[in-house]
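Everything below concerns the one structure shown next.
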Amino acid sequence: MFDYLRYIRERNFPHIWCSGCGDGIVLKALIRAVDKLGISRDEMVMVSGIGCSSRTPGYVDINTLHTTHGRAIPFATGVKLANPKLHVIVVTGDGDATAIGGNHYIHAARRNIDLTVLLYNNYIYGMTGGQVSPTTPRGKRASTAPFGNQEPAFNISDLAEAAGASFVARGDVYHAQKLEKLIVKAVQKKGFSVVEILSPCPTAYGRRNRMAHPVKMMEWLRDQTVPVAKWERLSPEEREGKVRTGIIVDVDKVEYTETNDKLIESLKADK
Amino acid sequence: MRKVIMGNHAVSYGVRACDVKVLSAYPITPQTQVVELLSEMCASGEIDAKFIKVESEHSAMTACVGASAAGVRAFTATSAQGLLLMHEVLHWAVGARLPIVLANINRAVGPPWSIWTDQNDSLSQRDVGWLQIYCESNQETQDTIVQAFKIAETVKLPVMLVLDAFFLSHTFEIVDILEAKDVRKFLPPYVAETKIDVDDPHSFGNLGSPSEYFELRYMIQKAMEEARDVVKDVDIEFKEHFGRGYGVVHPYRCDGADVILVTSGTVASTTRAVIDEMRDEGIKIGSLKIRLFRPFPVEEVYEVLSKAKKVAVIDRNISFGHHGIFFQEIKSALYGRTDVPIFGYITGLGGRDVTPKVIREIADRAVSDEKQERDINWIGVKV
Ligand code: SF4
Numbered sequence: 007m008f009d010y011l012r013y014i015r016e017r018n019f020p021h022i023w024c025s026g027c028g029d030g031i032v033l034k035a036l037i038r039a040v041d042k043l044g045i046s047r048d049e050m051v052m053v054s055g056i057g058c059s060s061r062t063p064g065y066v067d068i069n070t071l072h073t074t075h076g077r078a079i080p081f082a083t084g085v086k087l088a089n090p091k092l093h094v095i096v097v098t099g100d101g102d103a104t105a106i107g108g109n110h111y112i113h114a115a116r117r118n119i120d121l122t123v124l125l126y127n128n129y130i131y132g133m134t135g136g137q138v139s140p141t142t143p144r145g146k147r148a149s150t151a152p153f154g155n156q157e158p159a160f161n162i163s164d165l166a167e168a169a170g171a172s173f174v175a176r177g178d179v180y181h182a183q184k185l186e187k188l189i190v191k192a193v194q195k196k197g198f199s200v201v202e203i204l205s206p207c208p209t210a211y212g213r214r215n216r217m218a219h220p221v222k223m224m225e226w227l228r229d230q231t232v233p234v235a236k237w238e239r240l241s242p243e244e245r246e247g248k249v250r251t252g253i254i255v256d257v258d259k260v261e262y263t264e265t266n267d268k269l270i271e272s273l274k275a276d277k
Numbered sequence: 023m024r025k026v027i028m029g030n031h032a033v034s035y036g037v038r039a040c041d042v043k044v045l046s047a048y049p050i051t052p053q054t055q056v057v058e059l060l061s062e063m064c065a066s067g068e069i070d071a072k073f074i075k076v077e078s079e080h081s082a083m084t085a086c087v088g089a090s091a092a093g094v095r096a097f098t099a100t101s102a103q104g105l106l107l108m109h110e111v112l113h114w115a116v117g118a119r120l121p122i123v124l125a126n127i128n129r130a131v132g133p134p135w136s137i138w139t140d141q142n143d144s145l146s147q148r149d150v151g152w153l154q155i156y157c158e159s160n161q162e163t164q165d166t167i168v169q170a171f172k173i174a175e176t177v178k179l180p181v182m183l184v185l186d187a188f189f190l191s192h193t194f195e196i197v198d199i200l201e202a203k204d205v206r207k208f209l210p211p212y213v214a215e216t217k218i219d220v221d222d223p224h225s226f227g228n229l230g231s232p233s234e235y236f237e238l239r240y241m242i243q244k245a246m247e248e249a250r251d252v253v254k255d256v257d258i259e260f261k262e263h264f265g266r267g268y269g270v271v272h273p274y275r276c277d278g279a280d281v282i283l284v285t286s287g288t289v290a291s292t293t294r295a296v297i298d299e300m301r302d303e304g305i306k307i308g309s310l311k312i313r314l315f316r317p318f319p320v321e322e323v324y325e326v327l328s329k330a331k332k333v334a335v336i337d338r339n340i341s342f343g344h345h346g347i348f349f350q351e352i353k354s355a356l357y358g359r360t361d362v363p364i365f366g367y368i369t370g371l372g373g374r375d376v377t378p379k380v381i382r383e384i385a386d387r388a389v390s391d392e393k394q395e396r397d398i399n400w401i402g403v404k405v
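First to last, the sequence lines map onto chains F and B.
Following this note's numbering from start to finish, the first sequence increments by one per residue and tops out at 277.
Following this note's numbering from start to finish, the second sequence increments by one per residue and tops out at 405.
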């Protein structure tokens, strides 16, 4: 059996997540991915903001920063600029990265700085008690939308693609093995990479939307996700209510810290 | 109608009675229930207001600024980091002289992360030009929201109402619920003197040259000075309507008291219990709760404290490198007018419980121990 404990800060357990939460499954996939990557833990930094997902770094025995709400990406940018050799992984959620920190998310993608963003999407603010987030689907209920959400939702993978990320993938906790592979690829990619991770929140989202039982939420994940290859063959009607999973973008582009270093070198050479 | 409600909902019920037209908020513990209930009231039509779920506290306050400039009542609520993120726009609201009301649930600032109470979030907004009123009970909280709009609209400055996280925000108490139809007689519908209006265009927030800026700041200070009386008058008028008043400070058993403990927030009620106990023992002690923090009620404070032999200020906050913030305020209010010794006590940071025992320790030290530090004494710190 895989020895997770090697990567765990046991003193921080028990964790704060509710039973049935998807975040623990992501934690395990993340640990397996880190193990597979074979990168020394001293060369890895995990940075998070605020929210249920952002508790993740507190549980792993790696260099970690638990920062302010929405600002994980700028903190991570600072880390990467100070020492570009570090592998910097941002752990964040839909509220953290696409509401209060939305600006940082699109600008880091535009700049194509070599960070890996694991963006847990549970369609709600879980930690504060289930308020509408930018990804809450229209019509779904939340504590600040007791009669159904009126606003359209962000597609956060499309957002990263449009803003210029060099790697965008979507995974989910029902397909945990696949998720692990996506995380490995994202970390290996030079440039701004995002893995949007669909992770169920039975407590704040499920209970309000007829999926109070965690198993119900897992079935929902299973039924709504479609692998990209299959997605291509679906008609617009068939795509209704479904999301594609797998690698959405994988392109090679100039990366920010590299071009920055090159510029400095060339200016030095000119002297 | 009387109801048993939590402090957060006391805020919501206050807002419900005030004909507020725009509400805007971002979730943060422990404030969230304030706006959850309000969003429900808006969606169900119980109040005729628009509720926007914005993407950050900065946007929440900004939307309030926009709404207020357009001439309607606007409200938001937040805590800690959320209030700090609003900071830039808090200044804006003052500069534009907009009567916005904000409820801040006092929560300690991170890191390390804390959701529990202390006053450093609101007190770090001391100098922006918002009025600040610290509440002690759920009834007072609801009533103060109503008073706050009236005060804000009279002096054309925004008002921040402050209550302790959990000790008040999540504590259930009986509240006599105010109804909009009754409140309207006290707080008529808002008519803005200047607003964004197509028929009579105005500009808010334009460039202020050195020949104008200075005067605008002078006028803010004048409005703050005027607010000292306005807060008192509004409280008296509120009492005439609803039978409840709170004062700008609340002295308790201060007659003939040798020692007076100065408090704020929920610590004030715990302190009164300790005062009763000590009075029973024959110790001449009283307490003074500071309800209005900005503008600071200098005269009322002087009036009470100048008669004491010693003053002990309890601060659930700290200005690093100096002292407790209420301590500084009291000291500056009394400077040059009396030589009553003032002692400062820091306690309860990050939600550490301020129990009767803690307050008794402070009181005992203040009564007996002349040798203690004058300006800063840490109570209960484990180092
Ligand atoms: S509130 Fe939701 S996201 Fe947060 S720990 Fe519970 S189930 Fe998970």
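Backbone N, C-alpha and C fix where the C-beta goes; we use that ideal spot for every residue, glycine too.
Predicted model only: the values in this text are computed from it and were never measured.
For I305(B) and W400(B), what's the separation of their Cα atoms in angstroms?
Taken atom to atom, the span from the alpha-carbon of I305(B) to that of W400(B) is near 23 Å.
Does the beta-carbon distance from A330(B) to I384(B) come in below 8 Å?
With a cutoff of 8 Å on beta-carbon distance, A330(B) and I384(B) are scored as not near each other.
Can you tell me whether F153(F) is helix, strand or coil according to DSSP?
The answer is coil: DSSP assigns F153(F) none of H, G, I, E or B.
Using a threshold of 7 Å, is the CB atom of W23(F) nearer than that to any non-hydrogen atom of the ligand SF4?
Because some heavy atom of the ligand SF4 lies under 7 Å away, the Cβ of W23(F) counts as near it: yes.
Are I130(F) and Y211(F) close, meaning C-beta to C-beta below 8 Å?
Cβ distance < 8 Å, so I130(F) and Y211(F) count as in contact.
Since M50(F) sits in a beta bridge, which residues does DSSP pair it with?
According to DSSP, which records beta bridges pairwise, M50(F) is partnered with H93(F).
Using a Cβ-Cβ cutoff of 8 Å, what residues of the region 246-257 of chain B are near chain F? List them in chain order.
So nothing in the stretch comes that close.
Report yes or no: do the region 258-265 of chain F and the region 182-194 of chain F share at least 3 C-beta pairs separated by less than 8 Å?
Under the Cβ criterion (8 Å, minimum of three pairs), the region 258-265 of chain F does not count as touching the region 182-194 of chain F.
Is there a C-beta anywhere in chain B that falls below 8 Å from the one on T62(F)?
Chain B contact via Cβ: absent.
Would you kindly work out how many angstroms separate the C-alpha atoms of I152(B) and L145(B), rounded to a whole number?
In the sequence as presented, Ile is not what sits at residue 152(B); that position holds Trp. Rounded to the nearest angstrom, the two C-alpha atoms are 11 Å apart.
Of the listed residues P317(B), A279(B) and L314(B), nearest to R301(B) (C-alpha basis)
The shortest Cα separation from R301(B) among P317(B), A279(B) and L314(B) belongs to A279(B).
Strictly by DSSP, which residues pair up with R176(F)?
The bridge partners DSSP lists for R176(F) are E202(F) and G252(F).
In the DSSP assignment, what residue or residues form a beta bridge with P232(B)?
Assignment of beta-bridge partners to P232(B) by DSSP yields no partner.
Kindly list the residues whose CB is nearer than 6 Å to the CB of I31(F), restricted to its own chain and excluding five residues on each side of it in sequence; keep chain order.
Cβ within range, chain order: V179 and A182.
Among the candidates F260(B), D204(B), Y212(B) and E158(B), whose CA atom is the shortest distance from the CA of E195(B)?
Residue E158(B) holds the alpha-carbon nearest to the alpha-carbon of E195(B) among F260(B), D204(B), Y212(B) and E158(B).
Contact set between Q103(B) and chain D, taken where Cβ atoms lie within less than 9 Å
In the structure shown, chain D cannot be found, because the protein chains are F and B.
At the 8 Å Cβ level, is I106(F) part of the contact set with chain B, yes or no?
At a cut-off of 8 Å between beta carbons, I106(F) contacts chain B.
How about G287(B) and V168(B): are their beta carbons less than 8 Å apart?
It is not a contact, given that the beta carbons lie outside the stated cut-off.
Distance between D267(F) and T134(F) (C-alpha atoms, nearest Å):
Taking the straight line joining both Cα atoms gives about 41 Å.
Would you report the Cα separation of F198(F) and A168(F), rounded to the nearest angstrom?
Distance between the alpha carbons of F198(F) and A168(F): 12 Å.
By the three-class DSSP mapping on this structure, what secondary structure does F97(B) have?
Three-state DSSP puts F97(B) in a strand.
List the residues of chain B whose Cβ lies closer than 9 Å to the Cβ of T141(F), in chain order.
Going along chain B, no residue has its Cβ under 9 Å from T141(F), so there is no contact; the nearest lies around 12 Å.
Beta-carbon of V260(F) versus every beta-carbon of chain B: anything under 8 Å?
Against chain B, the CB of V260(F) has no partner CB under 8 Å away; the residue lies outside that interface.
Identify whether S241(F) lies in helix, strand or coil by the three-state DSSP scheme.
Three-state DSSP puts S241(F) in coil, outside helix and strand.
Backbone secondary structure at G99(F) - three-state DSSP
It is a strand residue.
Comparing the CB of N128(F) with every heavy atom of the ligand SF4, is any distance shorter than 7 Å?
Yes, since a heavy atom of the ligand SF4 falls inside the 7 Å radius drawn around the Cβ of N128(F).
Does R374(B) come out as helix, strand or coil in the three-state DSSP assignment?
DSSP places R374(B) in coil when its eight states are reduced to three.
Heavy atom of the ligand SF4 less than 7 Å from the Cβ of D29(F), yes or no?
If you check the C-beta of D29(F) against the ligand SF4, you find a heavy atom less than 7 Å away.
Using Cβ-Cβ distances below 8 Å, what residues of the region 120-134 of chain B are close to chain F?
Listed in sequence order: G132 and P133.
At a CB-CB cut-off below 9 Å, which residues of chain B make contact with F81(F)?
Chain order gives no chain B residues near F81(F), where near means a beta carbon separation below 9 Å; the closest approach is about 12 Å.
Need the endpoints of the beta strand (DSSP E) that T285(B) sits in, please.
Where T285(B) is concerned, the enclosing beta strand (DSSP E) stretches over V281 to T285.
I want to see whether chain F comes within less than 8 Å of E68(B), judged by CB atoms only; does it?
No, because no Cβ of chain F sits closer than 8 Å to the Cβ of E68(B).
Given 7 Å as the limit, tell me if P140(F) has its C-beta closer than that to any heavy atom belonging to the ligand SF4.
Judged by the Cβ position, P140(F) fails to qualify as a neighbour of the ligand SF4 at the 7 Å threshold, every heavy atom of the ligand being at least this far.
DSSP has D337(B) in a bridge; who is on the other side?
Residue pairing from DSSP places D337(B) in a beta bridge opposite I368(B).
What do you reckon, is the C-beta of M133(F) under 7 Å from a heavy atom of the ligand SF4?
Distances from the CB of M133(F) to the heavy atoms of the ligand SF4 include at least one below 7 Å.
Express the C-alpha separation of I79(F) and N109(F) in angstroms, rounding to a whole number.
A direct Cα-Cα distance of roughly 10 Å separates N109(F) from I79(F).
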